[in-house]
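One structure below.
2 protein chains.
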Amino acid sequence: MLELAILGLLHGSPLHGYELRQRLKATLGTFRAFSYGSLYPTLRRMKEAGWLCEDDGNAEVVAGAPALTGRRGKVVYKLTAEGKERFQELLAEAGPTSWEDETFGVHFAFFGQTDPEVRVRILEGRRSRLEERREGVRTTLARTRSRLDRYTLQLQEHGLESVEREVRWLTELIETERRSTVPPAVPTPNPEERGAP
Amino acid sequence: MLELAILGLLHGSPLHGYELRQRLKATLGTFRAFSYGSLYPTLRRMKEAGWLCEDDGNAEVVAGAPALTGRRGKVVYKLTAEGKERFQELLAEAGPTSWEDETFGVHFAFFGQTDPEVRVRILEGRRSRLEERREGVRTTLARTRSRLDRYTLQLQEHGLESVEREVRWLTELIETERRSTVPPAVPTPNPEERGAP
DNA sequence: GCGGCGATGTATCGCCGCGATACATCGCCC
DNA sequence: GGGCGATGTATCGCGGCGATACATCGCCGC
Numbered sequence: 336m337l338e339l340a341i342l343g344l345l346h347g348s349p350l351h352g353y354e355l356r357q358r359l360k361a362t363l364g365t366f367r368a369f370s371y372g373s374l375y376p377t378l379r380r381m382k383e384a385g386w387l388c389e390d391d392g393n394a395e396v397v398a399g400a401p402a403l404t405g406r407r408g409k410v411v412y413k414l415t416a417e418g419k420e421r422f423q424e425l426l427a428e429a430g431p432t433s434w435e436d437e438t439f440g441v442h443f444a445f446f447g448q449t450d451p452e453v454r455v456r457i458l459e460g461r462r463s464r465l466e467e468r469r470e471g472v473r474t475t476l477a478r479t480r481s482r483l484d485r486y487t488l489q490l491q492e493h494g495l496e497s498v499e500r501e502v503r504w505l506t507e508l509i510e511t512e513r514r515s516t517v518p519p520a521v522p523t524p525n526p527e528e529r530g531a532p
Numbered sequence: 336m337l338e339l340a341i342l343g344l345l346h347g348s349p350l351h352g353y354e355l356r357q358r359l360k361a362t363l364g365t366f367r368a369f370s371y372g373s374l375y376p377t378l379r380r381m382k383e384a385g386w387l388c389e390d391d392g393n394a395e396v397v398a399g400a401p402a403l404t405g406r407r408g409k410v411v412y413k414l415t416a417e418g419k420e421r422f423q424e425l426l427a428e429a430g431p432t433s434w435e436d437e438t439f440g441v442h443f444a445f446f447g448q449t450d451p452e453v454r455v456r457i458l459e460g461r462r463s464r465l466e467e468r469r470e471g472v473r474t475t476l477a478r479t480r481s482r483l484d485r486y487t488l489q490l491q492e493h494g495l496e497s498v499e500r501e502v503r504w505l506t507e508l509i510e511t512e513r514r515s516t517v518p519p520a521v522p523t524p525n526p527e528e529r530g531a532p
């Protein structure tokens, strides 16, 4: 998850750890913080895996930063070719099957780097998982409702509403995505039915 | 966090691991699952700490025979006196300062076991943390809005709305809590019922 | 000039919880 | 009478968090 985020941010421009974290907060801050305690080890791991390498010395490509001259021990990372591959690979993957998994958020943040079909697929995947979850909660809630005390019940219902809200959001997004994917009035007769309803 | 949940559930009646997990899903399922991978180690830790003990009513003396090659019995846990203390202690604590911290949900689920003042304090604490967070997001969002691409922006805004929604929820709860808390020695002459469930 | 202090910057440690996995027993239905 | 799903206990590796430890930089007051 963090891996994907790093790949995505570094896809724009090379960055060093601290800066990376600022970007992380700026782009994903609403649902995830990512402390240094995970950032630095992950960077190291990724470097060892070959997705990243150090961009030392000459690069002044760092955009929008104050007048920094990289003379200190800043370690600037950039993507390798394998890293870019890996990024696309991860982006296109549907992401794990857990409803708690916030990897979706990271996927979503980098939707700009993907094709429309992948976007729709991922949005629908996320929605399905949430719907399963919603049904699960509804079922157990219906079965146990009478035994739950007031607060537990309120908690469950609030949670349920959150899930429902996100499902609605996703549905909107999917529709928008579909609408904007409409083939631009090409005179070609529409021979191909696009998969899932 | 899981510790608090276990304490709370065992406060009702002694349970064994599997059952505990079912309850966990039923009462906290909307925001947390708690796998066995955390449940069993936590139980062990808590037992060692003295909050729990085994509620093994019968037949423990048969230790001599090496013949029991299988036959793992259910391990039923119950709270010790210290465990009950610990529960109250944890319940009354305001819970850590992180906005991601879902310990609040566990607190809330066991509000029935606490006094009204503690409830209000915890609700307000949670709300404060969310408000801080909301302001932080708003600020960075205002500053970086123009540089963010469409999807990132949408993500941030959705997240922001979620936070706002929860703040509203909490505010309602606080008001309800305040209203239903009978202020000591204030003879308000308005006995009208508000139709609270 | 100089001393403090907050922002920038890299890095590690211990803990917690998750998902996967392994293994064993029970009970019900075909 | 046997298969299979629910019940049940337990462990492992890993990803992420919060705290912490150090450095350096740049700006402020004095």
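Chains as they are written, first to last, in this note's numbering: chain U, 336 to 532; chain V, 336 to 532.
Where a beta carbon is used, it is the ideal one built from N, C-alpha and C, also for glycine.
Under 8 Å by Cβ, that's how I've got residue i and residue j pegged, so tell me the actual separation to the nearest angstrom.
| i | j | result |
| --- | --- | --- |
| Tyr412/U | Glu389/U | 6 Å |
| His351/V | Lys409/V | 5 Å |
| Leu505/V | Arg461/V | 6 Å |
| Leu483/U | Thr449/V | That belief does not hold up - the Cβ atoms of Leu483/U and Thr449/V are roughly 17 Å apart, past 8 Å. |
| Val472/U | Gly447/U | Contact doesn't hold; Cβ gap of about 33 Å is too wide. |
| Arg480/V | Leu488/V | 7 Å |
Should residue i go down as buried or exposed, given a rule of 16 or more other Cβ atoms within 10 Å for buried?
| i | result |
| --- | --- |
| Ala398/V | The predicted model places Ala398/V with a pLDDT of 40, which falls under 50 and marks its position as unreliable; any figure quoted below should be read in that light. That one is exposed. |
| Ala384/V | exposed |
| Glu338/V | buried |
| Arg503/V | exposed |
| Pro451/V | exposed |
| Pro349/U | buried |
| Arg536/U | Any property of residue 536/U remains undetermined from this structure, which presents chain U solely from 336 to 532. |
| Ile341/V | buried |
| Gly405/V | Because the pLDDT of Gly405/V is 37, which lies under 50, any placement of that residue in the model is unreliable, and the number read from its coordinates should be weighed accordingly. Flag for Gly405/V reads exposed. |
| Ser515/V | exposed |
Is the CB-CB distance between residue i and residue j below 7 Å?
| i | j | result |
| --- | --- | --- |
| Gln491/U | Thr365/V | yes |
| Glu417/V | Trp386/V | yes |
| Phe422/U | Tyr486/V | no |
| Glu512/U | Arg454/U | yes |
| Leu344/U | Arg358/U | yes |
| Val441/V | Met336/V | yes |
| Leu458/U | Ile509/U | yes |
With hydrogens ignored, establish whether the beta-carbon of residue i is closer than 6 Å to any heavy atom of the ligand ADP.
| i | result |
| --- | --- |
| Leu488/U | Questions concerning the ligand ADP fall outside what the structure shown contains, since it holds no ligand whatsoever. |
Are the stretch 362–380 of chain U and the stretch 466–481 of chain U touching by the rule of at least three beta carbon pairs closer than 8 Å? Between the stretch 362–380 of chain U and the stretch 466–481 of chain U there are fewer than three inter-stretch CB-CB distances shorter than 8 Å, so the stretches are not counted as touching.
Between the stretch 346–376 of chain U and chain V, which residues of the former have a C-beta closer than 8 Å to a C-beta of the latter? The stretch 346–376 of chain U vs chain V, Cβ under 8 Å: Lys360, Ala361, Thr362, Leu363, Gly364, Thr365, Phe366, Arg367 and Ala368.
Closer than 8 Å, Cβ to Cβ, to anything on chain V: give me those residues from the stretch 429–462 of chain U, in chain order. Hits within the stretch, in order: Glu435, Gly440, Phe443, Ala444, Phe445, Phe446 and Gly447.
Scan the stretch 471–499 of chain V for residues whose Cβ lies nearer than 9 Å to a Cβ of chain U and list them as they occur along the chain. Across the stretch 471–499 of chain V, CB contacts with chain U closer than 9 Å involve Gly471, Val472, Thr475, Leu476, Arg478, Thr479, Arg482, Leu483, Asp484, Arg485, Tyr486, Thr487, Gln489, Leu490, Gln491, Glu492, His493, Gly494, Leu495, Glu496, Ser497 and Val498, in sequence order along the chain.
Listed in chain order, which residues of the stretch 502–519 of chain V have Cβ atoms closer than 8 Å to some Cβ of chain U? If the cut-off is 8 Å between Cβ atoms, the stretch 502–519 of chain V has Trp504 and Leu508 near chain U.
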